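One structure below.
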Amino acid sequence: MVTKTFDIPEGPSHIRPLLFNGVNYPMWKQRFEEFLSAIDFEIWFVVRVGTNLKLTNIDEINDTKDYLQLLEEDNHVCTCATAKKMWDMLEITHERTKQLVEERFALLIHYYECSK
Numbered sequence: 295m296v297t298k299t300f301d302i303p304e305g306p307s308h309i310r311p312l313l314f315n316g317v318n319y320p321m322w323k324q325r326f327e328e329f330l331s332a333i334d335f336e337i338w339f340v341v342r343v344g345t346n347l348k349l350t351n352i353d354e355i356n357d358t359k360d361y362l363q364l365l366e367e368d369n370h371v372c373t374c375a376t377a378k379k380m381w382d383m384l385e386i387t388h389e390r391t392k393q394l395v396e397e398r399f400a401l402l403i404h405y406y407e408c409s410k
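Read left to right, the sequence shown gives residues 295 to 410 (my numbering).
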C-alpha cells in the first residue's frame, strides 16, 4: 500500500507554543497571540499591556534565564523585565515599521546618488 505525503499547512496549536526561528514573524505573532489567548485571555492581556508585578523567586529567574539562553532571540529579550517589554522588543525587531522603511529608502537614495 502506497502512502502519499501531502503538504498540509500547520494549523494553530493550543497545546504548545510555536518555536520562533526568525522566519515569518507575522504568522508566528498571530499564532502565539491565539495560543496565549486560548490558555487564558488575562495572560495575553499581561503580555500586551504589561504589569508592574515583580518576580521574587531568584531560583525561578535563573532557571528561566538558563532556558532562554538556548534561544537565538535571547540576545534581544534577556534584558527585558516583563513579558510586555519582551513582546515589544520582538515587534520592533521583526516587524517593518514605517520609520524603518523610510530610513532604508533614504539610505538607498543616498547610495544611488553617491554612485553617479
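Ideal Cβ positions, reconstructed from N, Cα and C, are used throughout, including at glycine.
Keep in mind it's a predicted model, so treat the numbers as computed, not measured.
Would you say F314 and W322 are within 8 Å of each other, going by their C-beta atoms? yes
Here's the rule I'm using: 16 or more other beta-carbon atoms within 10 Å means buried, otherwise exposed. How should R325 be labelled? Buried: at least 16 other Cβ atoms inside 10 Å.
Alpha carbon to alpha carbon, how far is S409 from V317? Give it in angstroms, no decimals. 33 Å
Could you check the C-alpha separation between Y405 and I337 for me, to the nearest Å? In a straight line, the C-alpha of Y405 is about 46 Å away from that of I337.
In three-state terms, what does DSSP make of F329? Annotated three-state conformation of F329 is helix, per DSSP.
Own chain, CB closer than 6 Å to G344, minus 5 neighbours either side, in chain order: T376 and K378
Answer with buried or exposed for V395, where buried requires no fewer than 16 other C-beta atoms within 10 angstroms of its C-beta. Note on V395: under 16 other CB atoms within 10 angstroms of its CB, so exposed under the neighbour-count rule.
Quick one: grab the DSSP three-state call for C408. helix
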